[in-house]
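Everything on this sheet refers to the single structure shown next.
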Amino acid sequence: MNWRNMVMNPVLDKEFRLRMRSPRSAITILAYVLVMGIFAMGIIYVLTSTGMTSSRVDSGTSRLMFYALSIAQLVLIAFMTPALTAGVISGEREKQTLNMLLTTQQSSSAIILSKLVSSLSFMTLIIVATLPVYSIVFLYGGVSTGQLLLVFLFYLFVMLLLGAIGVCFSTLFKKTIFAVIMTYGAGLVIFLFTGIAYLFAMSIDQANYYSSGAAPVRAYSWVGYILGLNPAGALISIFEPSFSESAFFVQRSNLQSSAPIALWQEFLLVYSVVIVIMLWIAIRKIRPVRGRRRGKAGQTVLAVQDVQAASGGLHEDSVELPTPPEGLKQMEKVEPKAGEREK
């Protein structure tokens, strides 16, 4: 059994060849690792020279550096993933190659998933390339291998979320610039707006709690669910499980042993639904199809897959089979006259 033929399809094979073998890909990976390495060295210098920790690098300093590296890498993922995925379909449309892609034997789901997997595979390669930077953390302890594995799995889920949003907008918009803007806008809502909304709602909830003069008992707050929608909050809850409890309770001195749900669990549940919806929309919209109908004049109007409309070329017109002229439709047999027969 040839497993390669079962997993790979022509679209995915083409995307891998074009994306992985280009010089720009190697330069991108090199630049990314250099940025992360310089950032790690800068963190070590700041922590050891400003008196925030001891003058030598110990397990506490290593743990703080791991937190900072993880948050920084999450921010870089938020910037790079939309740029890699928001133009996968609209770019084909602008190059007038989407119509040829749609006429192949590949299904709509195969095209969408192949484009998404190829983009996320390159981003995954970039993340894996930063493992030597994280090796600095393991030299001094303070972080377990399980924590690092959970963080990298969380990165993969965030990339899948942003990638699904990017592919969806790339299918809905004909211009790549519009798809990129909408994808970054959605990422801004997920990363920034949810955090601001949590801080604003929690401040109001705390003010109402303390102004009411209630007894200092357990103060459960629903606003913790807002923070569960933020990637940074979910990532911190992986580092520190107690962070989930502190996010759900207003009275910090009376924290319970467990929160209603861990922030990272809420993040996975909610955005798994978002991923499915975005991919479903992209699959449905990449290949619009019309049904068969009857014209007023008895003409049979055959619905065709609107490849021209999908590729941004021609207008959405159905193909009509013209009816024969009236004179040819019913031909009358004219008997020749007697004189004409003799001739």
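Using this note's numbering, read the sequence shown as starting at -8 and increasing by one per residue. Think of the CB as a built atom: it goes at the ideal place given N, C-alpha and C, for glycine as much as any other residue. Just so we're clear, the structure is a prediction, and the values are computed from it rather than from any experiment.
- I168 has its alpha-carbon roughly 22 Å from the corresponding atom of M91.
- Under the three-state reduction of DSSP, F258 is assigned to helix.
- The beta carbon of L21 sits closer than 8 Å to no other beta carbon from its chain once the five residues preceding and following it are set aside.
- Assigned with DSSP and collapsed to three states, F240 falls in strand.
- DSSP places P73 inside the alpha helix (DSSP H), whose first and last residues are 50 to 76.
- Here the region 96 to 111 does not lie against the region 127 to 145, with fewer than 3 beta-carbon pairs under 8 Å apart.
- One thing to note: M27 has its Cβ within 7 Å of the Cβ of V124.
- Here the alpha carbon of L75 sits roughly 6 Å from the alpha carbon of S110.
- Sorting S161, L254, G78 by C-alpha distance to the C-alpha of A273 places S161 at the top.
- Here K166 carries a coil assignment [DSSP, helix/strand/coil].
- DSSP places K106 inside the alpha helix (DSSP H), whose first and last residues are 99 to 120.
- Using a Cβ distance threshold of 7 Å, W213 and I229 do not count as a contacting pair.
- Rounded to whole angstroms, the gap between the alpha carbons of V79 and T52 is 41 Å.
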